[in-house]
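If you're matching positions, the sequence shown starts at 64 in my numbering and goes up one per residue. Data first, discussion second: the structure below is written as structure tokens.
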Amino acid sequence: MDKKPDDPRRQQIIDLLQENMNAEFRATLQYICHRISVYSRDSVLGESFKSAALDEMAHILYFSDMIDKLGGAPVFTDWPVHSGSSITEMLESDIALEQEARDRYSAQLETLKDHPQLHTLIESVLSDEEDHHNEFSRYLSSYAGDTIKQ
64 MDKKPDDPRR QQIIDLLQEN MNAEFRATLQ YICHRISVYS RDSVLGESFK SAALDEMAHI
124 LYFSDMIDKL GGAPVFTDWP VHSGSSITEM LESDIALEQE ARDRYSAQLE TLKDHPQLHT
184 LIESVLSDEE DHHNEFSRYL SSYAGDTIKQ
């Protein structure tokens, strides 16, 4: 899908991509904060947060590139980060972010079914989000009740 000013859905699609890009920024920042908070206590979990953040950064670039390709310009919003006072709270918050992403991308697959390139992009990102959700869920089962030294 290229820059086509006559495409009536062009702005709607750009708006979806903007929402996606900003949600990925939020997730990236949150995962980096969580990595910093837990790394000295559990470097494996810290690296998991870092890995997820790097995936989310790639998603930001995918979405911003598509916005540009459609003739839009990225618009940035505030990205609230939930720091959490325990590993459990962090993981619960991260799982919720991943579930929001999964729901958003699943809905967009139907909206973008007539746009193969975007549909493929969303499918790929959705797969990453499902992996993150599953990984964070596995960690959560082993961390119930842990607290972080503030």
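For glycine and all other residues, C-beta sits at the position ideal for the given N, C-alpha and C. Note that the coordinates shown come from a computational prediction; the quantities given were computed from them, not determined experimentally.
Could you check which residue in the options has the C-alpha nearest to that of residue i?
i	options	result
Gln180	Asp128, Met120, Tyr102	Asp128
Val138	Ile77, Ala159, Ser106	Ile77
His182	Arg98, Tyr125, Ile95	Tyr125
Arg73	His145, Lys132, Glu198, Leu108	Lys132
Gln116	Asp194, Gly134, Tyr206	Checking the sequence shown, residue 116 turns out to be Ala, not Gln. Considering only alpha carbons, the answer is Asp194.
Gln75	Val107, Tyr94, Gly134	Gly134
Arg201	Ser187, Tyr94, Leu108	Leu108
Thr151	Tyr102, Ser205, Ser103	Ser205
Ser187	Ser103, Arg104, Ser106, Ala121	Ala121
Only counting the same chain, and skipping five residues up and downstream in sequence, which positions put a Cβ closer than 8 Å to that of residue i?
i	result
Ser169	Leu189
Ile123	Met84, Glu87, Phe88, Thr91
Ile130	Ile77, Leu80, Gln81, Met84, Ala136, Pro137
Gln213	Bear in mind that a pLDDT of 39 at Gln213, under 50, signals an unreliable position, so the model cannot answer this.
Ile95	Phe112, Lys113, Ala116
Return helix, strand or coil for residue i, following the three-state DSSP convention.
i	result
Glu193	helix
His122	helix
Thr140	coil
Ser200	helix
Asp166	helix
Asp177	coil
Grab me the residues of residue i's own chain with a C-beta within less than 7 Å of its C-beta, minus the 5 sequence neighbours each way, in chain order.
i	result
Ile185	Tyr168, Gln171, Leu172, Leu175
His196	Ile158, Glu161, Gln162, Arg165
Asp70	none
Phe199	Leu154, Asp157, Ile158, Glu161
His145	Gln93, Ser156
Output needed for residue i: all residues of its chain with C-beta closer than 6 Å, excluding positions within five of it in sequence on either side, in chain order.
i	result
Gln81	Val138
Met153	His97, Gly147
Asp191	Asp118
Trp142	Phe88, Arg89, Leu92
Lys113	Arg98
Can you find a heavy atom of the ligand SAM that lies under 7 Å from the Cβ of residue i?
i	result
Leu80	No copy of the ligand SAM appears in this structure; indeed no ligand is present at all.
Those runs of the alpha helix (DSSP H) which lie wholly inside the stretch 68 to 112 and span at least 4 residues:
73 to 101
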